[in-house]
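For the sequence shown, position 120 (counting from the first letter as 1) is numbered 262 according to the working numbering, and the numbering increases by one without interruption. Heads up, the beta-carbon is just placed ideally off N, CA and C, and yes, glycines get one too. Since we're looking at a predicted model, the values are computed, not measured.
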Amino acid sequence: MIINAIKAKNVLKYAELDLSDLPEEGIIAISGENESGKSTIGETVCFALFGRTFSLGPDDRDKILRWGEHHCSATLDFSVDGSAYQLSRFLDRDGSHSACLSKADDVENPIARGVKAVSDRLFEILGYEFDEFVESFYLAQREITTPHPHSVAVKTMAGVAPLEHVASGFEDEIAQFDEMTEELGAEVDALRQELEELDFREGHLKQLEDAKNAMEAEINANKSAMDNLETAADIYMQNQPQIKQARGKRGSLRFWRFLSLVLALVFGGAWFLLAQQPEMAQSQQLLQMLQQKLPSWQDAWISYIGVAAIGFAVLMLLFWIRSSYHRSRAQALEEESRVFGDALEKARAVTPFVAEAQEQAAGSPEPEAQASTDDGEELRLSAVEKLARPKDSAFASLLSRAEDVAADIAEVRAYVEPEIRWLREQVERKEEQFWTKGQEVDRELERVRQVARLSEVMDGLQNKMAEIQRKKDKRAKAIELLEGASGFVSSNFNRDIRDLVARTLPVFTQGRYEHLRIDPDLSVKVFSSDKRDFMDLDEVSSGTQRQIMLALRLALSEKLLSRRVQGEQFAFLDEPFAFFDEDRTRYALKALTGMSDKLSQIWIVAQVYPQGADVEFAANLKCSRDLDRLSA
């Protein structure tokens with residue numbers, strides 16, 4: 143950046159400052175007594191570029207206004223690598239601050255307007271900001287000191303700033319990761335606490351489901367036994383009258399069958415004797431008996447006796463057939479009725495409700511022993527008796543008679559009805575327990591779902607924490623690598639600064655000092671030919687210290703020029719030769735003339751310049767404490 147013109151109104155000392163057609167190369171000398179406004183020129187340049195000065199920070203910006211004025215302005219015409227720009231800045235006592243940047247040949251169409259926009263655009267054009275500017279190209283009126291190694295400007299010059307910016311970003315990310323990890327850890331702890339409060343037991347759900355399924359199977363078996371008993375009892379009671387009837391008819395038919403058989407034999411024998419063996423004595427005796435009993439007897443009746451024998455034989459056969467039918471029917475009904483015995487045994491095998499069984503095992507008193515004479519107790523006793531199960535002796539007796547199909551309907555009903563009631567009560571109680579177990583299963587299932595959900599969430603959080611830890615490890619490794627790179631870059635920077643200083647220092651010191659040693663913290667030691675060793679700056683004179691620091695400052699400027707700046711650059715040195723004697727000032731001016739190809743425009747402020755200095759100034763500005771206007 144080369145300054146072409148400076149115009150300002152009401153900035154610090156000057157009511158008006160108008161410096162035009164400034165030379166682009168050479169030394170621009172500014173001279174004048176104290177408080178004549180020499181430093182104001184440099185501060186005006188600084189204000190125009192960055193909206194502040196070295197001595198006045200952003201909070202003291204109103205002090206830039208000239209005493210008694212309400213607003214000020216500064217316009218800077220400059221060129222960068224062949225491109226000309228105009229930068230204008232305005233400020234009033236109310237705190238209003240504005241800026242405008244435009245091309246010099248098209249000021250009506252700004253390329254940036256507003257303080258922030260101009261600052262961003264200006265950085266793109268110049269390649270440096272305020273901090274770098276005051277540590278390199280702008281030497282304010284102050285004691286020249288060793289640059290701070292950790293300043294932003296020095297880090298920018300060294301090329302470490304981008305690395306540290308990236309490392310700082312990684313450190314911020316690591317801090318964010320730590321916060322995220324802490325938050326996730328708190329969430330995991332809360333989830334773990336919830337899991338503990340759920341009191342989840344592995345396998346408990348299966349146990350509950352197995353118990354529920356077993357109870358369901360038992361209930362179904364009980365219902366089946368109850369239904370089978372009820373159906374078998376109905377069949378038995380329906381078949382019992384038919385069995386008795388079949389048995390009675392079979393007995394009658396057997397009697398008539400026997401009688402028919404006897405008569406058939408009697409008549410058949412008589413016919414055989416009379417018809418087939420008439421000469422036998424038995425036949426003659428039978429015939430005589432018939433003739434005596436039947437006076438109207440005729441021999442033709444013998445054939446009727448044969449027919450009667452055949453008829454009784456036929457009747458005997460019919461009675462036998464009929465008897466066989468009733469016997470078969472009775473056997474079929476008996477066989478059908480014998481399922482009642484199986485149903486009895488299966489129903490008797492039904493176990494009582496677990497609570498009832500526990501009470502009985504504990505020796506709880508019988509319901510009758512608990513009964514009292516009041517109405518409530520009598521009602522309760524009646525309900526208990528109504529649900530009492532028939533005794534084992536009644537079951538054994540009925541089972542024995544049922545197997546022989548000998549139990550009558552009343553006996554069956556007397557046993558089956560209380561047994562059915564008892565079975566139904568057992569089913570109801572077990573169904574209640576089944577419903578309770580179902581609720582337990584549902585609650586445990588919900589607990590399992592909650593555990594699964596919490597575990598899934600916790601696994602997800604732990605995976606996130608693991609992923610965050612991996613990211614932290616990567617960034618920590620990156621920071622380690624960046625620190626190594628920064629150390630390498632800093633070492634090269636110190637070496638380059640040392641080499642640059644070695645080119646100017648002998649000129650500044652008339653060859654007395656040529657070599658510097660610059661440590662990583664930018665502390666400086668100078669080599670003394672007389673002592674043949676490096677000395678601390680405290681061991682040399684104040685003037686020599688300032689010569690060394692000026693050489694170091696110019697070396698930093700050269701480094702920033704090579705790294706960040708496009709084209710040629712100006713430098714503003716405010717009182718760089720304070721405490722210099724005339725000889726040192728002459729040598730310094732000579733050294734600054736043509737010192738660098740890129741640092742071509744050098745502004746130097748001094749009260750007076752030595753006479754006979756073999757230096758030709760490109761411009762010479764003289765300031766006076768009595769004048770508040772300066773133009774050139």
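- Secondary structure note for residue 335: it is in no beta strand (DSSP E), and the uninterrupted alpha helix (DSSP H) holding it is 302-340.
- For residue 333, the closest alpha carbon among the candidates 207, 593, 480, 467 is that of 593.
- The bridge partners DSSP lists for residue 231 are 216, 241.
- Counted as a single uninterrupted DSSP element, the alpha helix (DSSP H) harbouring residue 413 occupies residues 346-413.
- In the DSSP annotation of this structure, residue 205 is not part of any alpha helix (DSSP H), being labelled neither H nor E.
- Per DSSP, the continuous beta strand (DSSP E) segment holding residue 168 begins and ends at 168-173.
- For the set 557, 435, 550, 544, the Cα lying nearest the Cα of residue 534 is the one of 557.
- For residue 431, the uninterrupted alpha helix (DSSP H) run begins and ends at 423-435, by DSSP.
- Setting aside the 5 residues that flank it on each side, residue 735 is surrounded in the same chain by 169, 757, each with a C-beta closer than 7 angstroms to its C-beta; the list follows chain order.
- Excluding residues up to 5 positions away in sequence, 326 lie with their Cβ nearer than 7 angstroms to the Cβ of residue 606 in the same chain.
- Less than 8 angstroms separates the beta-carbon of residue 330 from that of residue 604.
- The alpha-carbon separation between residue 188 and residue 323 amounts to approximately 46 angstroms.
- Nearest in C-alpha terms to residue 341, of all of 589, 739, 638, 485, is 589.
- Judged by their CB atoms, residue 216 and residue 190 are nearer to each other than the 8 angstroms cut-off.
- Put simply, the region 193-202 does not touch the region 685-693. Fewer than three CB pairs are less than 8 angstroms apart.
- If only complete runs of 4 or more residues are kept, the region 656-738 shows the alpha helix (DSSP H) at 684-706, 724-734, in order along the chain.
- In this structure, the alpha-carbon of residue 577 lies about 22 angstroms from that of residue 369.
- By the neighbour-count definition (other C-beta atoms within 10 Å, threshold 16), residue 493 is an exposed residue.
- Taking a contact as a CB-CB distance under 8 angstroms, the pair residue 452 and residue 417 does not count as one, their CB atoms being some 13 angstroms apart.
- In this chain, the beta strand (DSSP E) harbouring residue 771 covers 771-773.
- The C-alpha of residue 161 is placed about 10 angstroms away from the C-alpha of residue 145.
- Residue range 156-161 is occupied by the beta strand (DSSP E) that includes residue 158.
- Around residue 715, the same chain offers 281, 746 as residues with beta carbons nearer than 6 angstroms, after the five sequence neighbours per side are excluded.
- CA-CA distance, residue 461 to residue 367, rounds to 42 angstroms.
- If you compare the alpha carbons of 375, 465, 655 with that of residue 555, the shortest gap goes to 375.
- In the structure shown, residue 623 adopts helical secondary structure according to DSSP, grouped into three states.
- Looking at 337, 697, 259, 439, the one whose alpha-carbon comes closest to that of residue 277 is 697.
- Here the alpha carbon of residue 450 sits roughly 16 angstroms from the alpha carbon of residue 400.
- In this model, residue 412 and residue 420 are separated by some 10 angstroms (Cα to Cα).
- The Cβ atoms of residue 244 and residue 251 lie closer than 8 angstroms to each other.
- Contact check for residue 159 and residue 186: beta-carbon distance about 6 angstroms, within the 8 angstroms limit, so the pair qualifies.
- Under the three-pair Cβ rule at 8 angstroms, the region 471-491 counts as touching the region 540-552.
- Annotation: residue 236 to residue 207 spans about 11 angstroms, alpha carbon to alpha carbon.
- Counting only residues of its own chain and dropping the five nearest sequence neighbours on each side, residue 361 has a CB closer than 8 angstroms to the CB of 569, 572, 573, 576.
- The Cβ-Cβ distance between residue 531 and residue 465 does not fall below 8 angstroms.
- Comparing alpha-carbon positions, the option among 358, 336, 221, 213 lying closest to residue 597 turns out to be 336.
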